[in-house]
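Colleague: Per my numbering: the sequence shown = residues 95 to 573.
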Amino acid sequence: MVRFVTGLLIVVLGWSVSLGADAPAAGTVRIAVFQTDATPPLGTPVAYALARKIEDPLSARGVVLLGIGKPIVLCAVDWIGIANGGHDLWRESLAKAVDTTVDRVTVHALHQHDSVRCDFSAEELLAPHGLNGKRFNVEFVKQTIVNAGKAARKALDKAQPVTHLGVGEAKVDKVASNRRILGPDGRVMISRSSSYRIPEPILSRLMAEAKRQGYDLSAARVDEALAAPEGVIDPLLKMLTFFDGDRPIVSLSYYATHPQSYFGKGDVTAEFVGLARTKHEQNHPGLTLVHFNGASGNIAAGKYNDGTPELRVVLTDRMADGMQRAWQAMKKTPLVAADCEWRVQPVRLPVAPHLQVDKLRATLDDKQAPESDRMTAASKLAFVLRALHGNPIELSCLRLGNVYVLHMPGELFVEYQLAAQQMRPDGIVCMAAYGDYGTAYIGTEIAYSQGGYETQPSSSNTAPQVEKVLMDGMRALLK
């Protein structure tokens, strides 16, 4: 069904693509920058409520790289997650728009919580039960995908030559902290979420899940959570800037944290990461910044965030400061096509053993079960069925000289990002996670035995053996 819908979308568009009228010089890299609005209509579903207010607009933005074989598309979307058939449709649409193959297109969510879900595979499972359209507005999502493709295609006519790549990095102060605080027994003792003022009814649900897993999320633990150290994080924001001579064309930035300050009532926002992105663009007129969220499944602002509007401003300023200092630390080197390479590594991720088709279908079919349980079952069933049908997930890497940009699925733990950097100590490794969101959280092998919210059965769709699969895949890409 998803393939059929995709085909319809592409036929309706009737794209005829020209990669630019002027023939580029041999060995020249060119880049096209595109952007489209991705803000949901008021009254339509976002992650935890209906959209009741637009605090600031959402966008889908990216770049098309030309001159390195077929075009390469890197796209970031201000949505909570793009999963399964939804991820397929985004990639297929963008590939068709710029006349490339799907394996040369990456699409990543930034994971803002008061934003849009996208999973057409789950929608197809929900439709026979009259539950389709409950998790996201299908027509709006389809139109956004169409608009992103049109924007990418149109951008090709204005592709600009790239002569240099600028690379900078800077520490972001007092934003990221590890969510999982271990006790003396090596198990999660405290779960430090996005803030220490989690809104109801989300808090009640998290506390109930925490109790079942044997760890504490009570208010009595707040002081301990704040006093605990940041834990394992990647404090560095990395920024890549493409230049035509001395003129910057576009920047790509990478930083690992859940981007929430407060959420859950339907006040749509690009959050402090998107607000910092806007601030950086205002400080550099004419420059587009495309921000990607790194491996931050177990990383959030909880140590530094009280969940108030005032703290969103503070977190925005800290992010913007990190972006500016990464910009100031930038070093430029020449870039030609011979310095660049695109690599793809398909992997088959092991499905969590508790995810059984019959049980998931039973929950989905149960008219007495809460709608939320049935919709969750559909999302998990969509991932399981794709795995059973042999659908791989594609990891990819863009090499730009000694810079390696990894594109990864799901809510990865930060340990994957740090491990990737150790695999290429002679280079600079950036990571964009939150690709195919069908996986949900992806922990390390040991994390599944430590308890905690992120690796409990309701949160992660992958088995502990996922670590070896992904580590082997990253090693292959970073050779």
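For every residue, glycine included, the Cβ atom is placed at its ideal position computed from N, Cα and C.
Which residues in the same chain as Gly-396 place their Cβ atom closer than 8 angstroms to its Cβ, once the five residues preceding and following it in sequence are excluded?
Modeller: Along the sequence shown, read from residue 1 onward, the residue named residue 396 stands at position 302. Cβ within range, chain order: Ser-271, Arg-273, Arg-286, Ser-287, Ser-288, Ser-289, Tyr-290 and Ala-319.
Colleague: Can you name the start and end residues of the alpha helix (DSSP H) that Glu-181 belongs to?
Modeller: Position 87 of the sequence shown, counted from the first residue, corresponds to residue 181. For the sequence presented, residue 181 should be read as His rather than Glu. It spans 178-192 - the alpha helix (DSSP H) in which His-181 sits, taken as one unbroken run.
Colleague: From which residue to which residue does the alpha helix (DSSP H) around Thr-238 run?
Modeller: Here the question's residue 238 lines up with position 144 in the sequence shown. Taken as a continuous stretch (DSSP letters only), the alpha helix (DSSP H) holding Thr-238 covers 232-249.
Colleague: Rounded to whole angstroms, what's the CA-CA distance from Val-282 to Gln-550? Just pull it up for me.
Modeller: Your numbering for residue 282 matches position 188 in the sequence shown. Your numbering for residue 550 matches position 456 in the sequence shown. Those two C-alpha atoms are separated by around 11 angstroms.
Colleague: Hey, out of Ser-390, Ala-472, Arg-569 and Gln-515, whose CA is closest to Ile-536's CA?
Modeller: As a working note, residue 536 is residue 442 in the sequence shown. Out of Ser-390, Ala-472, Arg-569 and Gln-515, Ser-390 has the C-alpha closest to the C-alpha of Ile-536.
Colleague: Report back the beta-carbon spacing between Leu-152 and Ala-364 to the nearest angstrom; my notes put them in contact at under 8 angstroms.
Modeller: For this step, residue 152 is matched to residue 58 along the sequence shown. For this step, residue 364 is matched to residue 270 along the sequence shown. Confirmed, about 6 angstroms.
Colleague: Under 8 angstroms, with one C-beta from each stretch per pair, do the region 368-388 and the region 520-529 reach the 3-pair mark?
Modeller: Yes, the region 368-388 touches the region 520-529.
Colleague: Where DSSP assigns a beta bridge to Lys-562, which residues make up the other side?
Modeller: As a working note, residue 562 is residue 468 in the sequence shown. None, per the DSSP bridge assignment.
Colleague: Could you spell out the range, first to last residue, of the alpha helix (DSSP H) harbouring Gly-368?
Modeller: In the sequence shown, counting from the first residue as 1, residue 368 sits at position 274. Residues 365-377.
Colleague: Within 10 angstroms of the Cβ of Val-445, are there 16 or more other Cβ atoms? Answer buried if so, exposed if not.
Modeller: Translated into the one-based positions of the sequence shown, residue 445 becomes position 351. That one is buried.
Colleague: With a threshold of 8 angstroms, are at least 3 pairs of Cβ atoms found where one atom belongs to the region 246-258 and the other to the region 317-337?
Modeller: The region 246-258 vs the region 317-337: in contact.
Colleague: Looking at Asn-241: is its Cβ nearer than 8 angstroms to the Cβ of Pro-134?
Modeller: To locate residue 241, count along the sequence shown from 1; it is residue 147. To locate residue 134, count along the sequence shown from 1; it is residue 40. It is not a contact, given that the beta carbons lie outside the stated cut-off.
Colleague: If we call anything under 8 angstroms between Cβ atoms a contact, is Val-508 one with Ile-393?
Modeller: Here residue 508 refers to the residue found at position 414 of the sequence shown. Here residue 393 refers to the residue found at position 299 of the sequence shown. Against a cut-off of 8 angstroms, the Cβ pair of Ile-393 and Val-508 comes out as a contact.
Colleague: Tell me where the alpha helix (DSSP H) around Leu-409 begins and ends.
Modeller: The residue labelled residue 409 in the question sits at position 315 within the sequence shown. Note, Leu-409: alpha helix (DSSP H), 403-422.
Colleague: Start and end of the beta strand (DSSP E) containing Phe-337?
Modeller: Start at 1 with the first residue of the sequence shown, and residue 337 comes out as number 243. It spans 330-338 - the beta strand (DSSP E) in which Phe-337 sits, taken as one unbroken run.
Colleague: Since I believe His-223 is in contact with Leu-454 (beta carbons under 8 angstroms), could you give me their beta-carbon distance rounded to a whole number of angstroms?
Modeller: The residue given as residue 454 occupies position 360 in the sequence shown. The residue given as residue 223 occupies position 129 in the sequence shown. Wrong, their Cβ atoms sit about 13 angstroms apart, outside the cutoff.
Colleague: When you compare the region 462-481 with the region 415-433, are there three or more beta-carbon pairs, one atom per stretch, that lie closer than 8 angstroms?
Modeller: At 8 angstroms Cβ cutoff, the stretches do not touch.
Colleague: What would DSSP say about His-385, mapped onto helix, strand or coil?
Modeller: As a position in the sequence shown, residue 385 is number 291, starting the count at 1. In this structure, His-385 counts as strand in the three-state DSSP scheme.
Colleague: Can you tell which of Ala-132, Trp-173, Asn-399 and Leu-405 has its C-alpha closest to the C-alpha of Gly-243?
Modeller: To locate residue 243, count along the sequence shown from 1; it is residue 149. For the residues Ala-132, Trp-173, Asn-399 and Leu-405, the minimum Cα distance to Gly-243 belongs to Ala-132.
Colleague: Ala-395 bridges to which residues according to DSSP?
Modeller: Counting from 1 along the sequence shown, the entry for residue 395 is found at position 301. Paired residues: none, contrary to the question.
Colleague: Kindly indicate the opening and closing residues of the alpha helix (DSSP H) around Ala-471.
Modeller: For the purposes of this step, residue 471 is taken as the residue at position 377 of the sequence shown. Per DSSP, Ala-471 belongs to the alpha helix (DSSP H) from 465-482.
Colleague: Please name the residue, chosen from Ala-245, Ala-154, Val-261 and Arg-247, that lies closest to Lys-425 on a Cα-to-Cα basis.
Modeller: Here residue 425 corresponds to residue number 331 of the sequence shown, with the count starting at 1. It is Val-261 whose Cα lies nearest to the Cα of Lys-425.
Colleague: If you count every other CB in all the chains shown that lies within 10 Å of the CB of Ala-313, and 16 or more means buried, which is it?
Modeller: Stepping through the sequence shown from its first residue, residue 313 is reached at position 219. Here Ala-313 scores only 47 on pLDDT, less than 50, and its place in the model should not be relied on; the value that follows carries that caveat. Label assigned to Ala-313: exposed.
Colleague: Could you round the C-beta distance between Ala-245 and Val-158 to whole angstroms and report it? I think they count as a contact, below 8 angstroms.
Modeller: Here residue 245 corresponds to residue number 151 of the sequence shown, with the count starting at 1. Here residue 158 corresponds to residue number 64 of the sequence shown, with the count starting at 1. The pair is not a contact, with the Cβ atoms about 10 angstroms apart (cut-off 8 angstroms).
Colleague: Quick check: what's the CA-CA separation for Lys-147 versus Gln-206?
Modeller: Taking the first residue of the sequence shown as position 1, residue 147 is located at position 53. Taking the first residue of the sequence shown as position 1, residue 206 is located at position 112. When rounded, the distance between both Cα atoms is 15 angstroms.
Colleague: Taking just the CA atoms, how far does Ser-215 sit from Ala-221?
Modeller: As a first step, residue 221 must be located in the sequence shown, where it is residue number 127. As a first step, residue 215 must be located in the sequence shown, where it is residue number 121. Distance between the alpha carbons of Ala-221 and Ser-215 is about 10 angstroms.
Colleague: Does DSSP put Tyr-535 in a helix, a strand or coil?
Modeller: Within the sequence shown, residue 535 is the residue found at index 441, counting from 1. Of the three classes helix, strand and coil, the one that applies to Tyr-535 here is strand, per DSSP.
Colleague: Three-state secondary structure (DSSP) at Gly-567?
Modeller: Looking up residue 567 in the sequence shown gives position 473. Helix.
Colleague: In angstroms with no decimal places, state the Cα-to-Cα distance between Leu-204 and Asp-182.
Modeller: Residue 204 sits at position 110 when you count from the first residue of the sequence shown. Residue 182 sits at position 88 when you count from the first residue of the sequence shown. Rounded to whole angstroms, Leu-204 to Asp-182 spans 17 angstroms at the Cα level.
Colleague: With Phe-507 as the anchor, note down where its alpha helix (DSSP H) starts and where it stops.
Modeller: Position 413 of the sequence shown, counted from the start, is the residue given in the question as residue 507. Careful: Phe-507 lies outside any alpha helix (DSSP H) and carries neither H nor E.
Colleague: What residue does the beta strand (DSSP E) around Glu-488 start on, and which one ends it?
Modeller: Taking the first residue of the sequence shown as 1, we reach residue 488 at position 394. Its beta strand (DSSP E) spans residues 487-494.
Colleague: Between the beta-carbon of Val-40 and the beta-carbon of Pro-379, is there less than 8 angstroms?
Modeller: Nothing in the structure corresponds to residue 40, since the chain is present only between 95 and 573.
Colleague: For Ile-327, does the three-state DSSP call read helix, strand or coil?
Modeller: Taking the first residue of the sequence shown as 1, we reach residue 327 at position 233. In the structure shown, Ile-327 sits in coil (DSSP, three-state: anything other than H, G, I, E or B).
Colleague: For the beta strand (DSSP E) that Arg-155 lies in, which residues bound it at each end?
Modeller: Reading the sequence shown from its first residue, position 61 is the one you call residue 155. Its beta strand (DSSP E) spans residues 153-160.
Colleague: Taking the alpha carbon of Asp-279 as the reference point, which residue from Gln-544, Lys-573, Glu-561 and Lys-562 has its own alpha carbon closest?
Modeller: Here residue 279 refers to the residue found at position 185 of the sequence shown. Measuring from the Cα of Asp-279, the nearest candidate turns out to be Gln-544.
Colleague: Could you say which of Asp-251, Ser-473 and Arg-437 lies nearest to Val-451 if we only look at CA atoms?
Modeller: Within the sequence shown, numbered from 1, the residue matching residue 451 stands at position 357. The shortest Cα separation from Val-451 among Asp-251, Ser-473 and Arg-437 belongs to Ser-473.
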